[in-house]
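Protein chains: 2
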Amino acid sequence: MLKYYQEHGGLPVNVKFYVEGEEEIGSRHVIKYTEAHQQQLQADAVIWEGGAKNAAGQLAITGGLKGISCIELGVTTANADLHSSKAAYAESAPWRLTKALASLRDDMTGQIKIEGLYDDVTALTAAENAFVEQLAFDPTQVAQAEGLTRPLLATKPKQALANEPTINIEGITAGYQEAGVKTVLPRLATAKLDFRLAPSQDPARIPDLVRKQLAKNGFEDVKVNYLVGQPGYRSDVQHPFVKLVNESARAIYGADGVEYVLNSAGAGPAYAFGRLLGLPVLGFGIGNANSRAHGANENIKLNDAVQAVSLLDRVLQQL
Amino acid sequence: MLKYYQEHGGLPVNVKFYVEGEEEIGSRHVIKYTEAHQQQLQADAVIWEGGAKNAAGQLAITGGLKGISCIELGVTTANADLHSSKAAYAESAPWRLTKALASLRDDMTGQIKIEGLYDDVTALTAAENAFVEQLAFDPTQVAQAEGLTRPLLATKPKQALANEPTINIEGITAGYQEAGVKTVLPRLATAKLDFRLAPSQDPARIPDLVRKQLAKNGFEDVKVNYLVGQPGYRSDVQHPFVKLVNESARAIYGADGVEYVLNSAGAGPAYAFGRLLGLPVLGFGIGNANSRAHGANENIKLNDAVQAVSLLDRVLQQL
Numbered sequence: 001m002l003k004y005y006q007e008h009g010g011l012p013v014n015v016k017f018y019v020e021g022e023e024e025i026g027s028r029h030v031i032k033y034t035e036a037h038q039q040q041l042q043a044d045a046v047i048w049e050g051g052a053k054n055a056a057g058q059l060a061i062t063g064g065l066k067g068i069s070c071i072e073l074g075v076t077t078a079n080a081d082l083h084s085s086k087a088a089y090a091e092s093a094p095w096r097l098t099k100a101l102a103s104l105r106d107d108m109t110g111q112i113k114i115e116g117l118y119d120d121v122t123a124l125t126a127a128e129n130a131f132v133e134q135l136a137f138d139p140t141q142v143a144q145a146e147g148l149t150r151p152l153l154a155t156k157p158k159q160a161l162a163n164e165p166t167i168n169i170e171g172i173t174a175g176y177q178e179a180g181v182k183t184v185l186p187r188l189a190t191a192k193l194d195f196r197l198a199p200s201q202d203p204a205r206i207p208d209l210v211r212k213q214l215a216k217n218g219f220e221d222v223k224v225n226y227l228v229g230q231p232g233y234r235s236d237v238q239h240p241f242v243k244l245v246n247e248s249a250r251a252i253y254g255a256d257g258v259e260y261v262l263n264s265a266g267a268g269p270a271y272a273f274g275r276l277l278g279l280p281v282l283g284f285g286i287g288n289a290n291s292r293a294h295g296a297n298e299n300i301k302l303n304d305a306v307q308a309v310s311l312l313d314r315v316l317q318q319l
Numbered sequence: 001m002l003k004y005y006q007e008h009g010g011l012p013v014n015v016k017f018y019v020e021g022e023e024e025i026g027s028r029h030v031i032k033y034t035e036a037h038q039q040q041l042q043a044d045a046v047i048w049e050g051g052a053k054n055a056a057g058q059l060a061i062t063g064g065l066k067g068i069s070c071i072e073l074g075v076t077t078a079n080a081d082l083h084s085s086k087a088a089y090a091e092s093a094p095w096r097l098t099k100a101l102a103s104l105r106d107d108m109t110g111q112i113k114i115e116g117l118y119d120d121v122t123a124l125t126a127a128e129n130a131f132v133e134q135l136a137f138d139p140t141q142v143a144q145a146e147g148l149t150r151p152l153l154a155t156k157p158k159q160a161l162a163n164e165p166t167i168n169i170e171g172i173t174a175g176y177q178e179a180g181v182k183t184v185l186p187r188l189a190t191a192k193l194d195f196r197l198a199p200s201q202d203p204a205r206i207p208d209l210v211r212k213q214l215a216k217n218g219f220e221d222v223k224v225n226y227l228v229g230q231p232g233y234r235s236d237v238q239h240p241f242v243k244l245v246n247e248s249a250r251a252i253y254g255a256d257g258v259e260y261v262l263n264s265a266g267a268g269p270a271y272a273f274g275r276l277l278g279l280p281v282l283g284f285g286i287g288n289a290n291s292r293a294h295g296a297n298e299n300i301k302l303n304d305a306v307q308a309v310s311l312l313d314r315v316l317q318q319l
């Protein structure tokens, strides 16, 4: 951008930068800030801060993110841990919790058994589905690379990644966990869950839906604590900016060098710009499939950086 | 005993002492040792090393112990923990484990849903049941004292404590357990279980029964690891030694000062003496309901010690 500015004495469009430092802890203030500064932040499109080439070396352009809702389930069954001989009459916390969890999901399909949870999922349009079908996802290769010991849960994993809500146990803990045995009947058990949500879904609904379903299943004693959440967002695939970025990318990366991802299966505050400001939000960047983001030896390839700068240059000029 | 010896120049019966130091780690060598020394250990009856007064101040005489079988369940579903967005297609270890556990037990009754598990449970005889019925166990008081938040699992808790097998989750662990959230899909999940067994049951059968039932329920991938176990034992309530000790105790503690417990709901190596040597095994001692065994401020009351020595004296003279 600096180079363009120096060469041309200005930029062909106005550029606003939005920098926030809370992405790794849930971007808790982005929506609030964006709401308060909508006038100031008006624009024609948003270029998201990151992106990478996929394993096949294609640049992935990402049109949004899934939502997420994180909750904690907790059960208390007694004043103190009991001697396990009392299992003859006393219910224990881990039994309550495992039964409660098991009642929320079909383990053969991953389908969530919570009434109303799928109500605000909007089905993929034909245009969206066409993009999804173009993605590379070989179930056999994925299963082998990740060492999966169980069959894939989804018959259409690409669609599931883009648009299906999931219920995941991040962690579960109760009682004695060291070596050997300890004949204790645990009074406490907790589980952390995250729900990945279709971009159309409202994460704030989740805790209450879980509470109601647990009560319905006979687990009204299981406490549900909302930890953090974020709505998703998916850019309108018909928006001219989507076409512009895709075509610019193909000019630079080659006709087969680009994939368009409807929305990442991950979460992030795209909602604040997409839905609040009504803008398309597209992410692309300089990473590669082995960039080890946030890890040891995080890396980029210099050529990828040069290509990404060229893409940015081209997009700004075409706007 | 020393006092009696000094006063009488001898004891009225032969006394053999058996001392072992592994009780707190499962008494792994008692059965082996006893088998190898059966001739040497022949006797008419066994007095067990401990006992206490109950909360009502009655001396509890215990005629045996339940058995126990401890196993660990383990599930592995991938090479590494995955990003939780992959829940769209990848099964996770804690889901497998919670579903597998939930399939093994009726949470309304505590009934174990493992085929064959109740096969070697011998029903209480009328004489045994009469002893059980005499025990003090007020469900309301127990629930209040222990702060139980769930209904009692057993309609007949006294019988359940004496003779019903139980399946208990000692501990369960998977994934992230610290504060906040971590959007991980855990590859590993484990649970430690203990089964308390009726004195007639064989603990060595348990791991295989669990394995078969899990496979039957569709969880053949859940690994079952046998940790430690011990058969139980219950003395024949018709044996003259039971009558002798009970009558001696009533003479010292008063007609209402004694309760006879068919067998403790806990575990211990009584089997080695009871079943291998074919002897009645009765436990009684100098503890009280608040002795805090193994805990801080472990204590006995001096009068309880004097009473227990008198009982021992009387029993030895009556034999």
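Chains as they are written, first to last, in the UniProt record's numbering: chain A, 1 to 319; chain B, 1 to 319. Positions of the beta carbon are idealized from the N, C-alpha and C atoms, including for glycine.
Review point. Do you know how far the Cα of B:Gln318 is from the Cα of B:Leu244?
Key: 7 Å
Check your understanding: So which residues of chain B does residue 325 of chain A contact, with C-beta pairs closer than 8 Å?
Key -> A query on residue 325 of chain A cannot be resolved here, the shown segment of chain A reaching from 1 to 319 and no further.
Review point. Going along chain B in order, which residues have a C-beta closer than 9 Å to the C-beta of A:Asp221?
Key: Within 9 Å Cβ-Cβ: Thr149 and Arg150.
Check your understanding: Which chain A residues are close to B:Leu73, counting only those with a beta carbon under 9 Å from its beta carbon?
Key -> In chain order: nothing, as chain A lies at least about 11 Å away.
**Study point:** Within chain B, the residues that A:Ala66 reaches when beta carbons sit closer than 8 Å
**Key:** Note that residue 66 of chain A is Lys in the sequence shown here, rather than Ala. What A:Lys66 touches in chain B, judged by beta-carbon distance under 8 Å, is Ser85, going in chain order.
**Study point:** Beta carbon proximity, A:Ile169 to chain B, threshold 9 Å
**Key:** yes
Exercise for review: Measure the C-alpha to C-alpha separation of B:Gly257 and B:Gln58 and round it to an integer number of angstroms.
Suggested key: 5 Å
**Study point:** One or two residues paired with residue 321 of chain B in a DSSP bridge
**Key:** Outside the shown range of chain B, which is 1 to 319, sits residue 321 of chain B, and nothing can be said about it.
**Study point:** Member of A:Ala145, A:Val142 and A:His83 whose CA lies at the smallest distance from the CA of A:Pro186
**Key:** A:His83
Practice item. Taking A:Leu311 and A:Ser248 to be in contact with their CB atoms under 8 Å, please state how far apart those CB atoms are, rounded to whole angstroms. Key: 6 Å
Practice item. Using DSSP bridges, identify the partner residues of A:His83. Key: A:Val184
**Study point:** Same chain only: Cβ atoms within 8 Å of A:Leu277, ignoring 5 sequence neighbours per side
**Key:** Thr34, Gln38, Leu41, Gln42, Ala43 and Val46
Point to revise | Element boundaries [beta strand (DSSP E), containing A:Gln230] | key: Counting along the chain, the beta strand (DSSP E) containing A:Gln230 begins and ends at Lys223 to Gln230.
Review point. Less than 9 Å separating the beta-carbons of A:Ala100 and A:Val75?
Key: A:Val75 sits close to A:Ala100, with the two beta carbons spaced by under 9 Å.
**Study point:** Residues sharing a beta bridge with B:Arg105, DSSP
**Key:** B:Ile112
Review point. Taking Cβ positions only, does B:Gly232 come closer than 9 Å to chain A?
Key: no
Check your understanding: Of the choices A:Leu193, A:Lys66, A:Ile31 and A:Pro139, whose alpha-carbon is the least far from that of A:Leu104?
Key -> A:Leu193
Point to revise | B:Ser69, enclosing beta strand (DSSP E) - first and last residue | key: From DSSP, the beta strand (DSSP E) with B:Ser69 extends over Gly64 to Thr76.
**Study point:** Spatially closest choice to A:Tyr260 from A:Arg211, A:Val15 and A:Ala60, by CA coordinates
**Key:** A:Ala60
Check your understanding: Do A:Val224 and A:Glu72 have their CB atoms nearer than 9 Å?
Key -> yes
Review point. Under the three-state reduction of DSSP, which class applies to B:Glu259: helix, strand or coil?
Key: DSSP places B:Glu259 in strand when its eight states are reduced to three.
Practice item. Give the residues of chain B in contact with A:Lys265, contact being defined as C-beta atoms less than 7 Å apart. Key: With the sequence shown as reference, residue 265 of chain A is identified as Ala, and Lys is not the correct amino acid for it. By Cβ distance, chain B contributes Ser85 and Ala88.
Practice item. Can you give me the Cβ contacts of B:Glu298 inside the same chain, cut-off strictly under 8 Å, excluding the 5 residues immediately before and after it? Key: Ser291 and Arg292
Point to revise | Per-residue DSSP class, three states only, for B:Asn168 | key: strand
Review point. According to DSSP, is B:Ile300 helix, strand or coil?
Key: coil
Check your understanding: With distances taken between CB atoms, is the gap from A:Thr77 to B:Leu148 smaller than 9 Å?
Key -> yes
Check your understanding: Of all Cβ atoms in chain A, is any one closer than 9 Å to the Cβ of B:Ser291?
Key -> no
Practice item. Just the chain B side, please: which residues come within less than 9 Å of A:Arg28 by C-beta, in chain order? Key: Simply none; closest approach about 12 Å.
Review point. Mapping DSSP to helix, strand and coil, what is B:Tyr253?
Key: Three-state result, B:Tyr253: helix.
Practice item. Could you tell me whether the Cβ of A:Ala191 comes closer than 9 Å to any Cβ of chain B? Key: yes
**Study point:** Endpoints, beta strand (DSSP E) assigned at A:Gly266
**Key:** Ser264 to Ala267
Review point. What residues in the region 153-165 of chain A have a beta carbon less than 8 Å from any beta carbon of chain B?
Key: Leu153, Ala154, Pro157, Ala160, Leu161 and Glu164
Check your understanding: Counting only beta-carbon atoms, is B:Lys182 nearer than 9 Å to chain A?
Key -> yes
**Study point:** Beta bridge counterpart(s) of B:Gly175 as assigned by DSSP
**Key:** A:Gly171
Point to revise | Option nearest B:Ala204 by Cα separation, candidates B:Gly67, B:Gln213, B:Gly9 and B:Lys32 | key: Taking only the C-alpha atoms, the option nearest B:Ala204 is B:Gly67.
Check your understanding: By a C-beta neighbour count over all protein chains shown, 10 Å radius and 16 as the cutoff for buried, is B:Leu279 buried or exposed?
Key -> In the assembly as shown, B:Leu279 is a buried residue. Its beta-carbon has 16 or more other beta-carbons within 10 Å.
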